[in-house]
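Numbering (full-length UniProt numbering), first residue to last: 1 to 104.
The beta carbon of each residue, even a glycine, is placed where N, CA and C say it ideally should be.
Since the structure is predicted, the reported quantities are computational estimates derived from the model, not experimental observations.
So the structure is just underneath, and the comments pick up after that.
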Amino acid sequence: LTIFNICKGVLGSCTSTFCLNGGICREREFGNSRYKYCQCRPGWNGLQCDKQYFRCKSAGDFVDEYMKNQGKYFWCIPYNNEYLIKQLSCPNGLKFNSEEQLCL
Numbered sequence: 001l002t003i004f005n006i007c008k009g010v011l012g013s014c015t016s017t018f019c020l021n022g023g024i025c026r027e028r029e030f031g032n033s034r035y036k037y038c039q040c041r042p043g044w045n046g047l048q049c050d051k052q053y054f055r056c057k058s059a060g061d062f063v064d065e066y067m068k069n070q071g072k073y074f075w076c077i078p079y080n081n082e083y084l085i086k087q088l089s090c091p092n093g094l095k096f097n098s099e100e101q102l103c104l
């Protein structure tokens, strides 16, 4: 959860159709107001998880360009002629280096 998601929230309560592409609707209260926002699956962002910014094209580890300053990276795993995607994090203060394939 990041402050960015909350700031981009929409006034109101969650519905089953608010978040797209497997995103999970979350709610926060600020004062007397309730806001809904989406927690997106890896590789997706946008208010309703409607923008895909990363898709696995091969196996391996890849920098998460959207969240690289937080040390995030993707791990693409072959599965049934497709790829599963996991978002992983480097230890606090480190960033993923794609050339070295390490958190530095």
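Query, Result
"Output needed for Cys19: all residues of its chain with C-beta closer than 7 Å, excluding positions within five of it in sequence on either side, in chain order.", "Cys25, Cys38, Gln48 and Cys49"
"Residues in the same chain with beta-carbon distance under 8 Å from Leu94, minus the five sequence neighbours each way, listed in chain order, please.", "Gly71, Cys103 and Leu104"
"For the candidate residues Trp75, Gln52 and Ser13, whose alpha-carbon lies nearest to that of Phe62?", "Trp75"
"Cys38 lies in the beta strand (DSSP E); which residues open and close that run?", "Ser33 to Gln39"
"I'd like to confirm the pairing. Which residues does DSSP put opposite Gln87 in its beta bridges?", "Phe74"
"Using a Cβ-Cβ cutoff of less than 7 Å, which residues in the same chain neighbour Gly22 once the five nearest sequence positions on both sides are dropped?", "Arg41"
"Hey, how far is the Cα of Gly43 from the Cα of Thr15?", "22 Å"
"Going by CA-CA distance only, name the one from Lys57, Ser89 and Gln101 that's closest to Tyr83.", "Lys57"
"Near Ser13, what residues of its chain come up, given a Cβ to Cβ distance below 8 Å and the 5 sequence neighbours on each side ignored?", "Glu27, Arg34 and Lys36"
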